[in-house]
Amino acid sequence: MLPPFFTLVEAHGDELLAHARRLAGPAHAEDVVQDALLRALRAYPRLAHADHLRAWLYRVTTNAAIDHHRARRREIPTASPPEVPSDPHEIDGFEDLIAPLPDGTRAALRLRFVEDLEYEAIAARLECSPQAARQRVSTAVRTLRERLAA
Amino acid sequence: MTPLPDNLLESVAAAAVREGLADALFTHVGTPIGRLLVVSGPNGILRIAFEREDHDADLAYVARHVGPRVLASDREMVAVRDAIEAYFAGDLAALDLPYDLRLVRSDFRRQALETLAREVGPGQVVTYGQLAERTANPRAARATGTACATNPVPIVVPCHRVVPSTGGVGNYGGGPDLKVRLLEHEGVLVPTLPALRTPRS
Chain P
8 MLPPFFTLVE AHGDELLAHA RRLAGPAHAE DVVQDALLRA LRAYPRLAHA
58 DHLRAWLYRV TTNAAIDHHR ARRREIPTAS PPEVPSDPHE IDGFEDLIAP
108 LPDGTRAALR LRFVEDLEYE AIAARLECSP QAARQRVSTA VRTLRERLAA
Chain Z
7 MTPLPDNLLE SVAAAAVREG LADALFTHVG TPIGRLLVVS GPNGILRIAF
57 EREDHDADLA YVARHVGPRV LASDREMVAV RDAIEAYFAG DLAALDLPYD
107 LRLVRSDFRR QALETLAREV GPGQVVTYGQ LAERTANPRA ARATGTACAT
157 NPVPIVVPCH RVVPSTGGVG NYGGGPDLKV RLLEHEGVLV PTLPALRTPR
207 S
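Protein sequences, first through last, are from chains P and Z.
Count the first sequence with my numbering and you get residues 8 to 157, in order.
Count the second sequence with my numbering and you get residues 7 to 207, in order.
Here is the structure:
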């Protein structure tokens, strides 16, 4: 059973904005979140289950940040809404996005934003301390951002 | 937790409405009878809840039965907000708003509520039996009582204008006191209603 969409915005909106700020910079973060929420709304009724909604929103926001960046680089507005995949939980472009990154970086991003694990659980999987896990995720997000800026 | 800026949320709601992405929108309206929850779908008002009701549960119910894309927006709901405020300021005709009775569970209850909204204006009252007659089923007074008790859109669909033939104002979702206040606001002299007219022994 999917919860009313506004409850997701209430629960996670601020951290999505912080995530967008890290990826796209403060000047563009609100635009990115607005776009991300609209993308999420387009896909929401077709989600097969209500698991890991927070991680799903992080992925949608990440993709929105990347498209925002590409659009700005081309300096042409996107004319039509992006195609929505048939199974938005599974196929949301996240793997394509992280494919060029090193293995360790991809693993950290997946554990955080696909499996939706907290840092203690990520630490257990990566066999390191929670502090080191947080550091690795943070480094991975920074690597992603730097690739966007390149 | 810091909520997202209002202008961002309102922009999302406006774009969602433009693209047909919102199953329902909601707002809270402060009134002399308390803070009301008002939920609208594309075809009209789906739900009005009194302050004493569980608004989170109501919104979850709307999500389950209408669709999960439920968004908050004061700006997209401004026409409804203005109409409700105008009603409480004395413009009794302002509540002539489109409503959507899809949350009503039976055809008879829906018919009874539609009849009530169409035929019983501000300042008027009918009994449950009279409403049953007008809904073409004179023996269904009890069922019209259930229709009123489960009315998802009180005030706009005016179940406060339906009273028992045995006297008094009867029950009300917002409480009997609130029913009296709404009737008095509409100019009905509550002490002249049947049971209150007869001195109690």
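Ideal Cβ positions, reconstructed from N, Cα and C, are used throughout, including at glycine.
As the structure is a computational prediction, the values presented were derived from the model and not from experiment.
Short CB-CB distance (under 8 angstroms) between residue i and chain Z
i	result
P:Arg-49	yes
P:Glu-17	yes
P:Leu-104	no
P:Asp-21	yes
P:Leu-30	no
Range of the contiguous beta strand (DSSP E) that encloses residue i
i	result
Z:Ser-46	40-47
Z:Val-76	76-78
Z:Ala-55	50-55
Contact with chain P by residue i, beta-carbon distance below 8 angstroms
i	result
Z:Ala-63	no
Z:Val-18	yes
Z:Arg-5	This structure cannot speak to residue 5 of chain Z, because chain Z is shown only from 7 to 207.
Z:Leu-52	no
Z:Ala-55	no
Z:Ala-100	no
Z:Leu-43	no
Z:Ala-78	yes
Buried or exposed (CB count within 10 angstroms, at least 16 for buried), residue i
i	result
P:Leu-44	buried
P:Arg-3	Because chain P in this structure spans residues 8 to 157, residue 3 of chain P falls outside the shown range and cannot be described.
P:Met-8	exposed
Z:Gln-130	exposed
P:Arg-53	exposed
Z:Arg-148	exposed
Z:Gly-26	exposed
P:Ala-71	buried
Per-residue contacts from residue i into chain P (C-beta, under 8 angstroms)
i	result
Z:Pro-74	Leu-9, Pro-10, Pro-11, Phe-12, Tyr-51, Pro-52
Z:Arg-70	Met-8
Z:Ala-21	Gln-41, Leu-45
Z:Leu-27	Leu-45, Leu-48, Arg-49
Z:Ala-66	Pro-10, Pro-11
Endpoints, alpha helix (DSSP H) assigned at residue i
i	result
Z:Val-35	Run containing Z:Val-35: none in the alpha helix (DSSP H); it sits in the beta strand (DSSP E), 30-37.
P:His-19	12-31
Z:Arg-108	Where Z:Arg-108 is concerned, there is no enclosing alpha helix (DSSP H), given that its DSSP letter is neither H nor E.
Z:Pro-182	182-191
Z:Thr-150	147-155
Z:Glu-16	12-24
P:Gly-111	110-120
P:Arg-132	126-133
Z:Arg-124	113-125
P:Glu-37	36-50
P:Asp-103	101-105
Cross-chain neighbours of residue i in chain P, by beta carbon under 7 angstroms
i	result
Z:Leu-14	Glu-37, Val-40, Gln-41
Residue i in three-state terms, based on DSSP
i	result
Z:Tyr-93	helix
Z:Val-132	strand
P:Arg-152	helix
Z:Val-68	helix
P:Val-144	helix
P:Pro-89	Because P:Pro-89 sits at a pLDDT of 48, beneath the cut-off of 50, its placement in the model cannot be relied upon, and the point is left open.
Z:Val-84	helix
Z:Val-162	coil
Z:Val-175	coil
Z:Val-194	coil
Contact list for residue i against chain P, beta-carbon separation under 9 angstroms
i	result
Z:Pro-9	Val-16, Glu-17, Gly-20, Asp-21
Z:Leu-137	Residues of chain P passing the Cβ test: none, with the nearest at roughly 33 angstroms.
Contacts that residue i makes with chain Z (C-beta to C-beta distance below 7 angstroms)
i	result
P:Leu-24	Leu-10
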